[in-house]
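>
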Amino acid sequence: MSTNNNFKEDTEANRYKSSPIVKQYDYLKGDSVTKISLYYNYTESENCFHGIKKNVVFDFVDDKLYQIRISIYFPKTNFSECIENYNNLVSIFKAKLPFYYNTISENSETKEQIGEGMKFYPTSEKNRNNIKTNNLLIDYNIKYKVEKLFNSSNYSMTNNVDEYVIEINYVNLNDTKLTGKGF
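The sequence shown lines up with residues 1 to 183 when you count with the UniProt record's numbering.
1. Is DSSP giving residue 28 helix, strand or coil here?
2. CA-CA distance, residue 95 and residue 174?
3. Hey, residue 120 and residue 140 are a contact pair by Cβ (cut 8 Å); roughly how many whole angstroms apart?
4. Give a yes or no on whether the C-beta atoms belonging to residue 113 and residue 105 are separated by under 8 Å.
5. With burial defined as no fewer than 16 other Cβ atoms inside 10 Å of the residue's Cβ, what is the status of residue 54: buried or exposed?
6. Rounded to the nearest angstrom, what separates residue 12 and residue 147 at their Cα positions?
7. Using CA coordinates, which residue listed in 176, 145, 154, 38 is at the minimum distance from residue 20?
8. What are the boundary residues of the beta strand (DSSP E) that includes residue 54?
9. Looking only at its chain, what residues have a beta carbon closer than 7 Å to the beta carbon of residue 65, apart from the 5 residues adjacent to it on each side?
10. Does the stretch 127-141 come into contact with the stretch 164-183, if we say contact requires no fewer than three beta-carbon pairs (one atom in each stretch) closer than 8 Å?
11. Assuming residue 79 is part of the alpha helix (DSSP H), what are its boundary residues?
12. Hey, could you find the ends of the beta strand (DSSP E) residue 148 is sitting in?
13. Just curious, the beta strand (DSSP E) that residue 163 is in, first and last residue?
14. Would you mind sorting residue 24 into buried or exposed? The rule is 16 or more other CB atoms within 10 Å of its CB.
15. For residue 103, which residues in the same chain have their Cβ closer than 7 Å to its Cβ, ignoring the five residues on either side in sequence?
16. Just to check my reading of the structure: residue 74 and residue 163 have Cβ atoms closer than 8 Å, yes? What is that Cβ distance to the nearest angstrom?
17. To the nearest angstrom, how far is the alpha carbon of residue 50 from that of residue 72?
18. Measuring only the C-alpha atoms, how far is residue 76 from residue 108?
19. With H, G and I counted as helix, E and B as strand and the rest as coil, what does DSSP make of residue 35?
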């Protein structure tokens, strides 16, 4: 990605969101870690990620990459393209990470299903407790339009689809102080 001319730093997001943060987790027993996130946009289609907009975030702890978050956006008229891309990516991940289970995304207020996904692991469930967190989550979700309420400073989600998004989140805590107790 870094050698592709279409992979650009998101200077606006990095200006406001990428300051180093010192975090203390109870399980570190007084020790702390420094976290930073770097934001990028991927503007052109390529073999893996299709969609109108693509964002990539690299999360570091103590200068070690531990998480990659990718978002791929599709217009409200291209649900079939979103699902096709999702299914293609899932088939790639199944070939590399043999253990997985299905997930469902729900609207927290209405409990309506707004997406689904899969969580992948490199080891079986009985062996996962013996290694540091290492997993990949891919899901797709419906994003609804949000509108400002009349004569109010509050916003409300409408029933109108705004876009669809595929989100990929890869976490590997090896070589970090972090554990599955918090990161």
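In this text, a Cβ means the ideal position worked out from N, Cα and C, and glycines have one as well.
For clarity, every value in this text was computed on a predicted model and none was experimentally measured.
Taking the geometry as given:
1. Locating residue 28 in the sequence shown gives position 28, counting from the first residue. Here residue 28 carries a helix assignment [DSSP, helix/strand/coil].
2. Translated into the one-based positions of the sequence shown, residue 95 becomes position 95. Translated into the one-based positions of the sequence shown, residue 174 becomes position 174. Looking at the two C-alpha atoms, the distance is approximately 22 Å.
3. The residue labelled residue 120 in the question sits at position 120 within the sequence shown. The residue labelled residue 140 in the question sits at position 140 within the sequence shown. Actually they do not touch by this definition, with Cβ atoms about 15 Å apart.
4. Here residue 113 is taken as the residue at index 113 of the sequence shown, counted from 1. Here residue 105 is taken as the residue at index 105 of the sequence shown, counted from 1. Closer than 8 Å, so yes.
5. By one-based count along the sequence shown, residue 54 stands at place 54. Buried: at least 16 other Cβ atoms inside 10 Å.
6. Reading the sequence shown from its first residue, position 12 is the one you call residue 12. Reading the sequence shown from its first residue, position 147 is the one you call residue 147. Answer to the nearest angstrom: the Cα atoms are 24 Å apart.
7. Position 20 of the sequence shown, counted from the first residue, corresponds to residue 20. The shortest Cα separation from residue 20 among 176, 145, 154, 38 belongs to 38.
8. The residue labelled residue 54 in the question sits at position 54 within the sequence shown. Bounds of the beta strand (DSSP E) holding residue 54 are 53-61.
9. Position 65 of the sequence shown, counted from the first residue, corresponds to residue 65. Closer than 7 Å at the Cβ level, and outside the excluded window around residue 65, lie 58.
10. Touching, yes.
11. Position 79 of the sequence shown, counted from the first residue, corresponds to residue 79. If you look at residue 79, you'll find it in the alpha helix (DSSP H) that goes 79-96.
12. Against the sequence shown, residue 148 aligns to sequence position 148. Residue 148 -> beta strand (DSSP E) spans 134-148.
13. Against the sequence shown, residue 163 aligns to sequence position 163. Boundaries of the beta strand (DSSP E) harbouring residue 163: 155-172, taken from the DSSP string.
14. Numbered from 1 along the sequence shown, position 24 holds the residue referred to as residue 24. The residue is exposed, with fewer than 16 neighbouring Cβ atoms inside 10 Å.
15. Here residue 103 is taken as the residue at index 103 of the sequence shown, counted from 1. Cβ within range, chain order: 116, 117, 118, 119, 139.
16. Within the sequence shown, numbered from 1, the residue matching residue 74 stands at position 74. Within the sequence shown, numbered from 1, the residue matching residue 163 stands at position 163. Between residue 74 and residue 163, the beta carbon gap of about 6 Å places them in contact (Cβ cut-off 8 Å).
17. Taking the sequence shown and counting its residues from 1, one reaches residue 50 at position 50. Taking the sequence shown and counting its residues from 1, one reaches residue 72 at position 72. Rounded to the nearest angstrom, the two C-alpha atoms are 7 Å apart.
18. For this step, residue 76 is matched to residue 76 along the sequence shown. For this step, residue 108 is matched to residue 108 along the sequence shown. Approximately 21 Å, taken between the alpha carbons.
19. For the purposes of this step, residue 35 is taken as residue 35 along the sequence shown, with counting starting at 1. Residue 35: strand per DSSP, three-state reduction.
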